[in-house]
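Colleague:
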Amino acid sequence: MGAEEDKQKSIPVLPWMRSPIDVSSFDECPLTLLPCLDPRLKVALENMEISSLFPVQLAVWQETIGPGSFERDLCINSPTGSGKTLAYALPIVQMLSTRSVKCLRALVVLPTRDLALQVKEVFSAIAPAVGLSVGLAVGQSSIADEISELINRPKLQLGVSFDPEDFLPELQSSVDILVATPGRLMDHINNTKGFTLEHLCYLVVDETDRLLREAYQSWLPTVLQITRANDESFLPCAHTFLPSPFSLKTIRRSGLERGFKGKPYPRLVKMVLSATLTQDPSKLAQLDLHHPLFLTTGQKRYQLPVKLQSYKLFCESKYKPLYLVALLQSLGEEKCIVFTSSVESTHRLCTLLNSFDNLPFKIKEYSGLQRQSVRSKTLKAFRKGDIQVLVSSDAMTRGMDVEGVRNVINYDMPAYIKTYIHRAGRTARAGQTGCCFTLLREDEVKRFNKLLRKAENNSCSKYSLPSSYIEPLHSVYESALEKLKETVEMETSRKRKIGFKSSLSGERK
Ligand SMILES: Nc1ncnc2c1ncn2[C@@H]1O[C@H](COP(=O)(O)OP(=O)(O)OP(=O)(O)O)[C@@H](O)[C@H]1O
């Protein structure tokens, strides 16, 4: 494809995407100068060691708390590590800070459990300061435990006896904000008594392009349908406003003012975000956006963090593990993530690395092949610094924020620019520096250069390792390969035994 064709493809089809707000024209804003910020939230932010808002956070603040007043749905395309989480969390918490009745008003949906946990931490750092509670629906605990966290069942007064036939205690939400993955969200929508989205004011779809790629049990049409139905039932013509002692309803009036023509007001406000936001009209149509406003950074659709340094390292296929070890040794003990192209190669590479004697760092595997509990444990140890090298499949590529990751290595070349962006984006976050190395065979170089041209800030220098790092490793590499062979044989026979046992017990059943 020629450069002209590339350019054509990057011009958004949707008219509202062609005149975006450029986030790079914003500067950081000290909290002391931020208009309207609730002083309690200022203190909470300072406790998080945040003294100013990043550009994307200021741009969103302007469109929500500022003059924009949440009038339009926001589509935010901003680089990895630019602070998108707080960009939506802060205005939502500030807006809900004046509500005195507890009910579920904000829903944040993320594609994975680890990401949801991370986002919940951010909300939990600010929401309690203004008396709001945050819940999690990700399937980390049993559904019963989760329900008891999310739903409040008021206790009957002592000494008063009710006939249960006559009195059903009103179930109420225990949380104002819910962070969820689609599967568990659907479980609660379908089965949890008292779980309702009828008061929902804010819907955040984080990692939008990933969430729109799969149906995830049709969570999006379901949520939109429920909230739309609520809008309709609260239109003045459809509702008689009879006061009920047991239920508190949000009254959505039909407003013609401020761009809400024909829409119930206040309506459900949507914020959708990604570092690689889709521009595909049919995908975006699923979100049913209201008068959307597009916020993006710079000219090109794909952006790499400004302080990221990309490097390419040439090596023959058979020596890739050896070069990787030499590279890891040359980088020292700082945290590093090594990405491979599949769960199988992640396992194999990690086993091989652990077969090298006397490496000065601890290496663990993190992949979609592992159980969630194993993954969470590994991630925790990596965050703490007990593990220095994480060998990962693309399970880790999106959104994960681990402090102190200075280097990312693409052991296998990513097939798409999006993958490169999300992998590289695990470093150089929050304005810090970071490096991304890609190991390349000669026949991959052309494809890699072409892939990088699609992004802004795409300079990529050649990286060479001194032979003093390579030469001493040859003999160790040979014995590591031998050990790998033994380990693989052991694993295969263990799997065979387990398979045999379970087929026997299957026959008995
Ligand atoms: N205003 C701020 N000042 C200092 N640090 C901040 C600020 N806002 C966010 N951060 C930090 O920046 C890091 C990246 O933030 P966040 O995870 O929200 O990025 P992101 O844009 O969502 O990235 P990704 O696209 O990879 O998900 C986090 O460690 C966060 O604590």
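All residue numbers for the sequence shown refer to numbering that gives the first Met the number 0, where the first residue is 0 and numbers rise by one. Where a beta carbon is used, it is the ideal one built from N, C-alpha and C, also for glycine. Keep in mind it's a predicted model, so treat the numbers as computed, not measured.
Would you say the beta carbon of A530 comes nearer than 8 angstroms to a heavy atom of ligand 1?
Modeller: Past the boundaries of the shown model lies residue 530; the chain is included only from 0 to 508, so the question cannot be answered.
Colleague: For ligand 1, is there a heavy atom less than 8 angstroms away from the beta-carbon of M47?
Modeller: Along the sequence shown, read from residue 1 onward, the residue named residue 47 stands at position 48. Under cutoff, so the answer is yes.
Colleague: Looking at C509: is its Cβ nearer than 9 angstroms to the Cβ of R405?
Modeller: Residue 509 is absent from the model: the chain starts at 0 and stops at 508.
Colleague: Taking Cβ positions, are L307 and G403 nearer each other than 9 angstroms?
Modeller: For the purposes of this step, residue 307 is taken as residue 308 along the sequence shown, with counting starting at 1. For the purposes of this step, residue 403 is taken as residue 404 along the sequence shown, with counting starting at 1. Result no, Cβ atoms of L307 and G403 do not sit closer than 9 angstroms.
Colleague: What span of residues does the alpha helix (DSSP H) with Q308 cover, start to end?
Modeller: Position 309 of the sequence shown, counted from the start, is the residue given in the question as residue 308. Element bounds for Q308: not the alpha helix (DSSP H) but the beta strand (DSSP E), L307 to F313.
Colleague: Classify K376: buried if its beta carbon has 16 or more other beta carbons within 10 angstroms, exposed otherwise.
Modeller: To locate residue 376, count along the sequence shown from 1; it is residue 377. It counts as exposed.
Colleague: Taking a contact to mean a Cβ-Cβ separation below 9 angstroms, would you say S132 touches I150 in this structure?
Modeller: By 1-based counting over the sequence shown, the position of residue 132 is 133. By 1-based counting over the sequence shown, the position of residue 150 is 151. Taking 9 angstroms as the Cβ cut-off, S132 and I150 do not qualify as a contacting pair.
Colleague: Taking the continuous alpha helix (DSSP H) assigned at R521, which residues delimit it?
Modeller: Coverage of the chain is limited to positions 0 through 508, which leaves residue 521 absent and any answer about it impossible.
Colleague: Let's test the definition: count the other Cβ atoms within 10 Å of the Cβ of P304 and tell me whether it reaches 16, buried, or not, exposed.
Modeller: For the purposes of this step, residue 304 is identified with residue 305 of the sequence shown, where counting begins at 1. Buried: at least 16 other Cβ atoms inside 10 Å.
Colleague: Can you tell me whether D144 is helix, strand or coil according to DSSP?
Modeller: If you number the sequence shown from 1, residue 144 lands on position 145. Helix at D144.
Colleague: To the nearest angstrom, how far is the alpha carbon of A29 from that of I75?
Modeller: Counting from one through the sequence shown, the residue named residue 29 turns up at place 30. Counting from one through the sequence shown, the residue named residue 75 turns up at place 76. The amino acid occupying residue 29 in the given sequence is Pro; Ala does not appear at that position. Those two C-alpha atoms are separated by around 22 angstroms.
Colleague: Is R397 a contact residue of ligand 1, with contact defined as CB to any heavy atom under 8 angstroms?
Modeller: In the sequence shown, counting from the first residue as 1, residue 397 sits at position 398. Yes, since a heavy atom of ligand 1 falls inside the 8 angstroms radius drawn around the Cβ of R397.
Colleague: Out of P38, R425 and K192, point me to the one whose CA is closest to I142's CA.
Modeller: What you label residue 142 is simply residue 143 of the sequence shown in a count that begins at 1. Checked all of P38, R425 and K192; the closest Cα to I142 is K192.
Colleague: Comparing alpha-carbon positions, which option in T221, K269 and A423 lies nearest R397?
Modeller: In the sequence shown, counting from the first residue as 1, residue 397 sits at position 398. Selected option, being the one with the closest Cα: A423.
Colleague: Mind checking whether L438 and L323 have CB atoms under 9 angstroms apart?
Modeller: Numbered from its first residue, the sequence shown carries residue 438 at position 439. Numbered from its first residue, the sequence shown carries residue 323 at position 324. Yes, the pair counts as a contact, with Cβ atoms nearer than the cut-off.
Colleague: Give me, in chain order, the residues of the same chain whose beta-carbon lies closer than 7 angstroms to that of Q431; leave out the 5 immediate sequence neighbours on both sides.
Modeller: Residue mapping note: residue 431 aligns to position 432 of the sequence shown, counting from 1. The answer, listed in chain order, is K306.
Colleague: How many Å lie between Q298 and R428 at the Cα?
Modeller: Taking the sequence shown and counting its residues from 1, one reaches residue 298 at position 299. Taking the sequence shown and counting its residues from 1, one reaches residue 428 at position 429. Straight-line Cα distance between these residues: approximately 20 angstroms.
Colleague: Measuring CB to CB, does R47 end up less than 9 angstroms from I125?
Modeller: Your numbering for residue 47 matches position 48 in the sequence shown. Your numbering for residue 125 matches position 126 in the sequence shown. Note that residue 47 is Met in the sequence shown here, rather than Arg. Yes, these two residues count as a Cβ contact at 9 angstroms.
Colleague: Per DSSP, which one or two residues make a beta bridge with Y201?
Modeller: Position 202 of the sequence shown, counted from the start, is the residue given in the question as residue 201. In the DSSP output, where bridge partners are listed per residue, Y201 has A105 and V268.
Colleague: Where R209 and V118 are concerned, what is the direct C-alpha to C-alpha distance, given to the nearest angstrom?
Modeller: Counting from 1 along the sequence shown, the entry for residue 209 is found at position 210. Counting from 1 along the sequence shown, the entry for residue 118 is found at position 119. So the alpha carbons of these two residues sit roughly 16 angstroms apart.
Colleague: Could you check where the alpha helix (DSSP H) with S281 kicks off and where it finishes?
Modeller: The sequence position of residue 281 within the sequence shown is 282, counting from 1. First-last of the alpha helix (DSSP H) with S281: P280 to A284.
Colleague: Mapping the DSSP letters down to three states, classify K260 as helix, strand or coil.
Modeller: Residue numbering aside, residue 260 sits at position 261 when the sequence shown is read from its first letter. Note that K260 has pLDDT 46, beneath the 50 cutoff, so the model's placement of it is unreliable and the number below is only indicative. Here K260 sits in coil by DSSP.
Colleague: With 16 as the cutoff for other CB atoms within 10 Å, does C35 come out buried or exposed?
Modeller: Here residue 35 corresponds to residue number 36 of the sequence shown, with the count starting at 1. C35 comes out exposed.
Colleague: Using only the alpha-carbon positions, how far apart do L13 and P110 sit?
Modeller: The sequence position of residue 13 within the sequence shown is 14, counting from 1. The sequence position of residue 110 within the sequence shown is 111, counting from 1. When rounded, the distance between both Cα atoms is 25 angstroms.
Colleague: Output the boundary residues of the alpha helix (DSSP H) element that contains Y322.
Modeller: One-based indexing of the sequence shown puts residue 322 at position 323. Taken as a continuous stretch (DSSP letters only), the alpha helix (DSSP H) holding Y322 covers K319 to L330.
Colleague: Apart from the five residues on each side of it in sequence, which residues of its chain come closer than 8 angstroms, Cβ to Cβ, to E45?
Modeller: The count along the sequence shown starts at 1 and reaches residue 45 at position 46. Excluding sequence neighbours, E45 sits near L30.
Colleague: If you pair each beta-carbon of the segment 281 to 295 with each one of the segment 65 to 74, do three or more pairs fall below 8 angstroms?
Modeller: Yes: at least three Cβ pairs fall under 8 angstroms.
Colleague: Any chance the CB of L33 is under 8 angstroms from a heavy atom of ligand 1?
Modeller: The residue you call residue 33 lines up with position 34 of the sequence shown. L33: no, Cβ never under 8 angstroms from ligand 1.
Colleague: Pick out the complete alpha helix (DSSP H) segments inside the segment 15 to 48, 4 residues or longer, and give them in chain order.
Modeller: As far as the segment 15 to 48 is concerned, its whole alpha helix (DSSP H) runs of at least 4 residues are 38 to 46.
Colleague: Whole angstroms are fine: how far does the CA of L378 sit from the CA of D385?
Modeller: As a position in the sequence shown, residue 385 is number 386, starting the count at 1. As a position in the sequence shown, residue 378 is number 379, starting the count at 1. Their backbone Cα atoms lie some 10 angstroms apart in a straight line.
Colleague: Looking only at its chain, what residues have a beta carbon closer than 7 angstroms to the beta carbon of Q302, apart from the 5 residues adjacent to it on each side?
Modeller: If you number the sequence shown from 1, residue 302 lands on position 303. Hits under 7 angstroms: P78, T296, A454, E455 and N456.
Colleague: Whose C-alpha, out of S217, D205, C102 and M185, is nearest the C-alpha of E169?
Modeller: For this step, residue 169 is matched to residue 170 along the sequence shown. Comparing Cα positions, the closest option is C102.
Colleague: From which residue to which residue does the beta strand (DSSP E) around L135 run?
Modeller: Within the sequence shown, residue 135 is the residue found at index 136, counting from 1. Where L135 is concerned, the enclosing beta strand (DSSP E) stretches over V133 to A136.
Colleague: What's the gap between the Cα of S463 and the Cα of E206?
Modeller: On the sequence shown, residue 463 is found 464 positions in, with the first residue counted as 1. On the sequence shown, residue 206 is found 207 positions in, with the first residue counted as 1. Their backbone Cα atoms lie some 35 angstroms apart in a straight line.
Colleague: Taking V22 as the reference, which of A274, I416 and Y365 has the closest Cα?
Modeller: The residue given as residue 22 occupies position 23 in the sequence shown. Checked all of A274, I416 and Y365; the closest Cα to V22 is A274.
Colleague: Let me confirm a value: K269 is counted as buried when at least 16 other C-beta atoms fall within 10 Å, else exposed. Which label applies?
Modeller: By 1-based counting over the sequence shown, the position of residue 269 is 270. Counting Cβ neighbours within 10 Å, K269 comes out buried, since at least 16 surround it.
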